[in-house]
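Trainee: Residue numbering for the sequence shown follows this note's numbering, beginning at 1 and increasing consecutively. All C-beta atoms in this analysis are idealised placements derived from N, C-alpha and C, irrespective of residue type, glycine included. Okay, handing you the structure first.
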Amino acid sequence: MGWLPRYQRAGLRGDLAAGLTVGAMLVPQAMAYALLAGLPPEVGLYAATIPVIIYALFGTSRQLAVGPVAIVSLMTASALASTVEEGTGEYLEAAALLALMIGVVHLVLGAGRLGFLVDLLSHSVLVGFTAAAALIIGVSQTKRILGISVPRREHFIDTVREVASAAGDTRGTTAVLGICALIVLLVMKRFAPRVPAALLVVVGSVLYCAGGYGAWGVSVPA
1 MGWLPRYQRA GLRGDLAAGL TVGAMLVPQA MAYALLAGLP PEVGLYAATI PVIIYALFGT
61 SRQLAVGPVA IVSLMTASAL ASTVEEGTGE YLEAAALLAL MIGVVHLVLG AGRLGFLVDL
121 LSHSVLVGFT AAAALIIGVS QTKRILGISV PRREHFIDTV REVASAAGDT RGTTAVLGIC
181 ALIVLLVMKR FAPRVPAALL VVVGSVLYCA GGYGAWGVSV PA
């Protein structure tokens with residue numbers, strides 16, 4: 001609340017443009033992170049908006065990004081996979097409890113000024129962890145591109161086997177839609193980097209489903 005009374009109107013235009021840009025990317029990104037964690041898409045929207053508003057009012061950094069990230073979503077799914085069944089009410093409750101537990105741990109680490117523990121992790125460990133997370137995320141989301149049903153597995157190699165064995169059940173329309181979305185993202189990133197390609201893909205997919213084309217083989221939640 002310290003900077004708001006001293007806010008200068010001259011910065012409103014730039015801040016508004018920045019807010020719209022971040023918001024355009026945050027909506028589809030947060031929905032994807034929720035699905036990666038095994039949670040409904042709307043949970044990602046809650047996690048991407050409410051913490052940002054709270055931190056804007058009480059936070060101290062103007063550069064810190066607040067909200068869900070891919071690695072945390074992946075770790076959440078891994079932690080809950082062996083405990084509760086994905087898609088159930090118990091899964092939501094377990095995810096909420098896990099978030100509260102992690103929040104308490106963060107408060108303890110902050111109060112004890114234990115951030116220096118991160119320095120004990122070597123660069124090679126961090127690079128390996130990030131690269132492995134990218135591979136796991138890519139393989140785990142292949143089922144959504146192909147429109148197949150693959151159970152969540154604890155180990156990466158087991159997930160690869162499940163995807164390979166279920167590849168024969170690929171839904172053609174779903175695969176075409178997913179591949180076209182990926183092509184649009186890559187092409188626009190190369191030739192129109194300022195355009196929110198992810199948001200356009202989400203809007204286009206929503207219009208596709210709203211037009212009744214979901215009956216062509218694309219699974220549309222009720």
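Might you give, ordered along the chain, the residues of its own chain that have their beta carbon closer than 6 Å to the beta carbon of methionine 31, omitting 5 neighbours on each side?
Mentor: The residue labelled residue 31 in the question sits at position 31 within the sequence shown. Pro41, Gly44, listed in sequence order.
Trainee: Can you tell which of Gly19, Leu186, Val127, Leu177 has its C-alpha closest to the C-alpha of glutamine 284?
Mentor: Lying outside 1 to 222, the shown extent of the chain, residue 284 is not represented and no answer is given.
Trainee: What are the boundary residues of the alpha helix (DSSP H) that includes alanine 48?
Mentor: Locating residue 48 in the sequence shown gives position 48, counting from the first residue. Residues 41-58.
Trainee: For leucine 97 and valine 160, what's the separation of their Cα atoms in angstroms?
Mentor: Taking the sequence shown and counting its residues from 1, the one referred to as residue 97 is at position 97. Taking the sequence shown and counting its residues from 1, the one referred to as residue 160 is at position 160. Going from the Cα of leucine 97 to the Cα of valine 160 covers about 30 Å.
Trainee: For proline 28 and alanine 47, which I take to be in contact (beta-carbon distance under 8 Å), what is that distance rounded to the nearest angstrom?
Mentor: Counting from one through the sequence shown, the residue named residue 28 turns up at place 28. Counting from one through the sequence shown, the residue named residue 47 turns up at place 47. Going by Cβ atoms, the distance from proline 28 to alanine 47 rounds to 14 Å, so no, they are not a contact pair.
Trainee: In whole angstroms, what separates the C-alpha of leucine 120 from that of methionine 188?
Mentor: As a first step, residue 120 is located in the sequence shown; it is residue number 120 there, counting from the start. As a first step, residue 188 is located in the sequence shown; it is residue number 188 there, counting from the start. The alpha-carbon atoms of leucine 120 and methionine 188 are separated by roughly 40 Å.
Trainee: With contact counted as at least three CB pairs below 8 Å, one residue from each stretch, are the segment 175-194 and the segment 141-159 in contact?
Mentor: yes
Trainee: What residue range is occupied by the uninterrupted alpha helix (DSSP H) comprising proline 28?
Mentor: Taking the sequence shown and counting its residues from 1, the one referred to as residue 28 is at position 28. Its alpha helix (DSSP H) spans residues 12-36.
Trainee: Using the Cα positions of histidine 24 and alanine 197, report the straight-line distance between them to the nearest angstrom.
Mentor: Numbered from 1 along the sequence shown, position 24 holds the residue referred to as residue 24. Numbered from 1 along the sequence shown, position 197 holds the residue referred to as residue 197. Rather than histidine, the amino acid found at residue 24 in this sequence is alanine. So the alpha carbons of these two residues sit roughly 9 Å apart.
Trainee: With three or more C-beta pairs closer than 8 Å as the rule, is the segment 93-112 touching the segment 121-136?
Mentor: no
Trainee: Are there 16 or more other CB atoms within 10 angstroms of the CB of leucine 74, so buried, or fewer, so exposed?
Mentor: Locating residue 74 in the sequence shown gives position 74, where the first residue counts as 1. By the 10 Å Cβ count, leucine 74 comes out buried.
Trainee: Tell me which residue opens and which closes the alpha helix (DSSP H) that histidine 155 is part of.
Mentor: In the sequence shown, counting from the first residue as 1, residue 155 sits at position 155. Segment: none, histidine 155 is in no alpha helix (DSSP H) and carries neither H nor E.
Trainee: Comparing C-alpha positions only, which one of Ser149, Arg194, Phe156, Ala131 sits nearest to valine 139?
Mentor: Against the sequence shown, residue 139 aligns to sequence position 139. It is Phe156 whose Cα lies nearest to the Cα of valine 139.
Trainee: Excluding the 5 residues flanking arginine 153 on each side, which residues of the same chain have their C-beta closer than 7 Å to its C-beta?
Mentor: For this step, residue 153 is matched to residue 153 along the sequence shown. Taken in chain order, the residues that qualify are Thr159, Glu162.
Trainee: Taking the continuous alpha helix (DSSP H) assigned at arginine 190, which residues delimit it?
Mentor: Within the sequence shown, residue 190 is the residue found at index 190, counting from 1. Note, arginine 190: alpha helix (DSSP H), 172-191.
Trainee: Quick check on isoleucine 102: does DSSP put it in helix, strand or coil?
Mentor: Locating residue 102 in the sequence shown gives position 102, counting from the first residue. The answer is helix: DSSP assigns isoleucine 102 an H, G or I state.
Trainee: Where does proline 196 fall in DSSP's three states?
Mentor: As a position in the sequence shown, residue 196 is number 196, starting the count at 1. Reduced to three states, the DSSP call for proline 196 is coil.
Trainee: Which of the three DSSP states is assigned to glycine 168 in this structure?
Mentor: Counted from its first residue, the sequence shown places residue 168 at position 168. In this structure, glycine 168 counts as helix in the three-state DSSP scheme.
Trainee: If distances are taken between C-alpha atoms only, which option among Ala70, Leu177, Arg171 comes closest to isoleucine 136?
Mentor: What you label residue 136 is simply residue 136 of the sequence shown in a count that begins at 1. That would be Ala70, whose Cα lies nearest to the Cα of isoleucine 136.
Trainee: Could you check whether alanine 77 and alanine 37 sit closer than 9 Å to each other, using their CB atoms as the reference points?
Mentor: The residue labelled residue 37 in the question sits at position 37 within the sequence shown. The residue labelled residue 77 in the question sits at position 77 within the sequence shown. The answer is yes: Cβ separation under 9 Å.
Trainee: For the alpha helix (DSSP H) containing glycine 128, name the first residue and the last one.
Mentor: In the sequence shown, the residue the question calls residue 128 occupies position 128. Residues 123-140.
Trainee: Please identify the residue among Glu85, Tyr33, Glu93, Val52 whose C-alpha is closest to the C-alpha of valine 72.
Mentor: Counted from its first residue, the sequence shown places residue 72 at position 72. Comparing Cα-Cα distances from valine 72 to each of Glu85, Tyr33, Glu93, Val52, the minimum goes to Tyr33.
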